[in-house]
Each structure stands twice: as C-alpha cells, then as structure tokens.
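Since the structure comes first, as structure tokens, the remarks are kept for the end.
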Amino acid sequence: MKTLLPYINFHGQCEQALAFYRQCFNGEIVALMRFGDADFPSPDEAKNKILHAEFKAEGVHFMASDGMPGRTPAIGENITLNFMLDSETEQTAIFEALAQGGQINEPLHDAFWGARFGMLVDRFGIRWMSNCQKQG
0 MKTLLPYINF HGQCEQALAF YRQCFNGEIV ALMRFGDADF PSPDEAKNKI
50 LHAEFKAEGV HFMASDGMPG RTPAIGENIT LNFMLDSETE QTAIFEALAQ
100 GGQINEPLHD AFWGARFGML VDRFGIRWMS NCQKQG
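In numbering that gives the first Met the number 0, the protein residues as written are 0 to 135.
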C-alpha cells in the first residue's frame with residue numbers, strides 16, 4: 000500500500016497550529032511525540048516541542064512538527080511530501096528513482112520509531128521523506 004501525505008514544519012508553532020486545524024476541521028491528533036520522548040539528545044528548551052504529530056479529519060490528513068531545534072526552514076522548505084509503504088523493496092525502488100538527479104539528505108536506514116526512513120530532494124527541488132514500517 001502506498002500513501003502520500005504532506006509533512007508540515009510549523010517552526011515552533013505546531014501545538015497552536017494543530018489546535019487551530021482541530022477547530023477548523025473538527026479533527027483529531029492521532030499521534031504525537033515530543034522531542035523529550037525521543038531517544039536522541041535535544042536542547043532543554045525543545046523537550047516539550049513536537050517532534051512528530053499526525054492530524055486527521057474527514058478528507059484531511061497530514062503530519063506535522065515544530066521542526067528541528069536551531070534550524071529555520073527557508074520559505075518553501077516547510078512542507079515535505081512523505082510516502083509511506085509496506086514493502087522495503089518498493090520503498091527502495093521509489094526512493095532511488097526520486098533521487099536520480101537529486102540529492103539524498105538522509106539515506107534509507109532503520110529509525111528509532113520502528114520504520115525504515117530516508118529523506119531526499121528531487122531534481123525539481125521537491126523535498127521527500129519515506130517511511131516503511133518494520134514488520135515483526
């Protein structure tokens with residue numbers, strides 16, 4: 000199964016943005032992880048910031064974050080397309096195809112949240128991330 004979702008970086012305002020969209024769309028936050036919950040070090044001021052969230056409402060589905068501490072996204076770099084797959088073989092094929100003529104920022108690897116993950120920018124400047132949940 001393939002799913003393509005926008006991943007939005009709210010640069011420190013994710014909590015407020017999710018509350019706003021919950022009200023606008025009558026939706027819900029179905030997943031939330033803070034930097035303090037992760038198994039890597041983060042600055043004390045970022046511990047309560049949102050590392051990852053997922054929002055769903057009827058006809059609306061996106062992922063979101065406060066963004067990495069100390070990094071300010073340039074205009075146009077605050078949205079990434081995230082494709083999620085069930086098959087590592089399919090994930091590798093799509094990831095490698097998108098990377099042709101582009102730049103891999105984070106090669107596919109086993110991530111701490113239990114998925115195989117990677118990030119790249121394609122030849123057209125579109126930012127992509129990929130997740131394939133580990134089986135078993």
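Glycine is no exception: its CB is placed at the ideal position from the N, C-alpha and C atoms.
Within 10 angstroms of the Cβ of residue i, are there 16 or more other Cβ atoms? Answer buried if so, exposed if not.
i	result
Phe-19	exposed
Arg-126	buried
Cys-23	exposed
Phe-9	buried
Asn-130	buried
Lys-1	exposed
Ala-45	buried
Among residues of its own chain, excluding the 5 on either side of residue i, which ones have a beta-carbon nearer than 8 Å to its beta-carbon?
i	result
Glu-27	Arg-21, Phe-54, Lys-55, Ala-56
Gln-12	Asp-65
Taking the beta strand (DSSP E) that residue i belongs to, which residues open and close that run?
i	result
Gln-102	102–109
Ile-78	78–84
Glu-95	Premise fails: Glu-95 lies in the alpha helix (DSSP H), 87–98, not in any beta strand (DSSP E).
Phe-61	59–64
Gln-132	126–132
Pro-5	1–8
Ala-37	Premise fails: Ala-37 is in no beta strand (DSSP E) and is neither H nor E.
Here's a check: name, in chain order, each residue in its chain whose Cβ is nearer than 7 Å to the Cβ of residue i, leaving out the five neighbours to either side.
i	result
Asp-121	Leu-97, Gly-101, Trp-127
Kindly list the residues whose CB is nearer than 6 Å to the CB of residue i, restricted to its own chain and excluding five residues on each side of it in sequence; keep chain order.
i	result
Gln-132	Ala-114
Lys-48	Phe-34, Asp-65
Taking the continuous alpha helix (DSSP H) assigned at residue i, which residues delimit it?
i	result
Phe-24	13–24
Between residue i and residue j, how many whole angstroms is the CB-CB distance? I'm expecting something under 8 Å.
i	j	result
Phe-111	Asp-38	5 Å
Leu-4	Phe-94	So it is not a contact: roughly 16 Å between Cβ atoms.
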